[in-house]
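Numbering (my numbering), first residue to last: -13 to 617.
Single-structure report; data block below.
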Amino acid sequence: MEQKKFDFNSIIGFALIFVIILWMMYNNRQEEVKDQAKAKTEKAAENKAKAETTKEVPQTIADTSVADSVKIQKLQGTLGSFAYSATLPSAKENFTTIENDLMVLKIANKGGYIAEATLKNYKKFDKNSKELVTLIKNNNANFNLQLMTKDNRVLNTKDLFFEPTLTSVDGNQVLSMKLKSSANAFLEYKYVLKPKEYMLDFDIRSQGLNTALNTSKPVDFQWDMKAYRNEKSIAYENRYAEIVFEYEDGKDDYVSQGKDQEEAPEKVTYIAYKQHFFSSILLTKTPFSNAKLKSNDLVNDENIDTTFTKEFKTNSALAYANGELDYKMNWYYGPSDYTILNDYDRNLDEIIPLGWGIFGWINKFIFVPLFGFLSTFMGLGIAIIVFTILIKIAMSPITFKSFLSQAKMKVLRPEIMEIGEKFKKDPMKKQQETMKLYNKAGVNPMAGCIPALIQIPFMYASFQFFPSAIELRQKGFLWADDLSSFDEIVKLPFYIPVYGDHISLFPILASIAIFFYMKMTSGDQMMAQPPQDGMPDMGKIMKIMIYLSPVMMLLFFNNYGSGLSLYNFISNLITIGIMLVIKKYFINSDKIHAQIQENKAKPKTEGKFQRKMREMMEQAEEQKKLQNKKK
């Protein structure tokens, strides 16, 4: 490797830098001497002035340093009436801590906003970590009101100092943060933290500021946050990190994921910055007339961008009422737990992505209560297995009807093949005769499809439920140390697109199970379904699906939560078992054949649907004959 050379130009550059540094040190020292002398002179005059006027500095200002005093003098020229706050003892970088059994909040004097929000009962990344989940720290979040003075100056509360007063009322911690224009004129942030609650009251009100501020226009406010990564897989966590909001009297929606996504809802009543398993939520009883919400994906490279997942931004406005601000709000900093959020009765359960329509109903009214009940007295892995068994037992009558229909179609296949051969050159006639056979035999060719369709919503609901179940977070089972994340058994030295850089075992087991399940069911379906002219060869399609479905599951589920893979493995395993039992003890081909022959001998009343189908086919046949005559 070639060594770097220290050339002449570098020597000159360093020399110039050294001279500049010396000059700056000398100049700063002269300024400091002047400032100290000026501060001593002004301090004597300040101690004689009255505390009520905005030009006063209280006696306690002596507690601040000389440098702080100089800063205060400079601030008085720009803050106008709010220079009073800059003279208070609280005008320095201090914090007030409030906490309960669930969380610790540190509120900064500067800006009056929460500087740290730490959850006591949740650890970052894994259960062995010593670091707790901290939603706010190191300036990753900001809350600011932009005030306009009578003389059109813009003041940002994030740059101004609030005066804290902490009291206890009925067991609740009450923190008043006041940005004062004078002793009796102020802007107040009031925080009320109750025991064992993730939700705290947050009031914004002003008093006596209508003389100093321009109240003809609403106050602009901004709430920004960079969402910290808290889980093992940043890609999986980022998939569920998003902004969810409520607007227009109970409607809810979300901001799309990706780069620089925006929404502009009206009459907004809450805004949630969701981080997969944790959420930061601002709620208001007086709706924001409009809001501009932005979401930006910060993960460009999963190996490099490992600190934050997304950046969230909100811009809205607070309206004055009779020249003053008065907003009753709430902050929520806590887990994205369906039960906890639903108990607040503020429509916050919509933050949890349980699916829309019937999928959401299945999750809310079946999966959530059932799994919640099971998880109260057994391990989470065992709870998933028992949960799956109960769901599959409940679905077994539908499974039985599906298999029975397939068995009937399989018995009829020789006769259907015979009809197909007899009317090979007349597809319409073949279809008519096939329908007649179904009618005589008392067989519905759709009976096998409908039960399968009924099971699809439950399958899709599981894809929504397990990734949202915070109960699984950092709970282990067998080799999986976290059922909410992938169960890595081998770390690969390279990255495979789509698959990842590790091997998870539960997806492999689930893929094997689904292969045998499809092998058994698809084989019966291919035997049961007769070939159709002009239609794709379903036999070939099913053969492809037998191998394609397990491969797709193996690829995509490798990075999903192992709880979902465990559910799919057990689900397919139980279905195979149920199918074997039904075939062995409940389905007899000879009995089915005898029953079909008996049904054929009975007189059949043609139903409305069957009559309509027959009439349609007869009309089509007549049209075909007319067309042939014209030719």
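Backbone N, C-alpha and C fix where the C-beta goes; we use that ideal spot for every residue, glycine too.
DSSP lists L186, L268 as the bridge partner or partners of W317. The beta carbons of I267 and L334 sit about 7 Å from each other, so the pair counts as a contact at 8 Å.
In this structure the segment 203 to 220 lies against the segment 278 to 297, because at least three pairs of beta carbons, one per stretch, are closer than 8 Å.
By the Cβ neighbour-count rule, G549 is buried, with 16 or more other Cβ atoms within 10 Å of its own. For D238, the uninterrupted beta strand (DSSP E) segment begins and ends at 237 to 240. Comparing alpha-carbon positions, the option among A277, K116, F572 lying closest to S382 turns out to be F572.
The residues I100, A101, E102, A103, M211, S266, Y319, in chain order, have a CB closer than 8 Å to that of I122 in the same chain once the five nearest residues on each side in sequence are set aside. Of all C-beta pairs linking the segment 151 to 159 to the segment 127 to 142, fewer than three are shorter than 8 Å, placing the two stretches out of contact. In the DSSP assignment, K299 falls within the unbroken beta strand (DSSP E) covering 294 to 304.
When secondary structure is reduced to three states using DSSP, R191 falls in the strand class. By the Cβ rule, the segment 464 to 473 counts as touching the segment 490 to 505, because three or more pairs are nearer than 8 Å. DSSP links F351 through a beta bridge to no other residue. In this structure, L269 sits away from N328, with a CB-CB distance that is not shorter than 9 Å. For the pair T300 and Q208, the CB atoms are nearer than the 9 Å cut-off.
By the neighbour-count criterion, in which a residue is buried when 16 or more other Cβ atoms sit within 10 angstroms of its Cβ, M539 is buried.
Per DSSP, reduced to three states, the secondary structure at D312 is strand. Per DSSP, S167 is not a residue of any alpha helix (DSSP H); the beta strand (DSSP E) it occupies stretches across 158 to 168. Between M506 and I440, the CB-CB gap reaches or exceeds 9 Å. Within the DSSP bridge table, the entry for L279 names E249, T300 as partners. For L566, no beta strand (DSSP E) segment is defined; the enclosing uninterrupted segment is the alpha helix (DSSP H) at 548 to 571. Residue pairing by DSSP places N130 opposite Q208 in a beta bridge. At the C-beta level, F463 and L552 come within 9 Å of one another. DSSP places N107 in the strand class (E or B) of the three-state scheme. Under DSSP, the beta-bridge partners assigned to Y256 are E232, L269.
In the three-state reduction of the DSSP assignment, M364 falls in the coil class, being assigned neither a helical nor a strand state. The segment 77 to 94 makes contact with the segment 169 to 187, as at least three CB pairs between them are under 8 Å. Around the beta-carbon of E223, 16 or more other beta-carbon atoms lie within 10 Å, marking it buried. If you draw a straight line from the Cα of F353 to the Cα of K237, it comes to about 24 Å. In its chain, beyond the 5 residues on either side, I500, M504 have a beta carbon closer than 7 Å to the beta carbon of S535. By the CB criterion at 9 Å, A466 and G367 fall inside the cutoff.
Under DSSP, F463 forms a beta bridge with A466. Within the DSSP secondary-structure output, K387 pairs in no beta bridge.
Under the criterion of beta carbons closer than 8 Å, F231 and Y259 do not qualify as touching, at roughly 10 Å. Linking F480 to S275 through their CA atoms gives a straight-line distance of about 51 Å.
Taking C-alpha positions only, P355 is separated from K110 by approximately 27 Å.
The shortest C-alpha to C-alpha distance from K477 to any of D468, H488, L469 is the one to H488.
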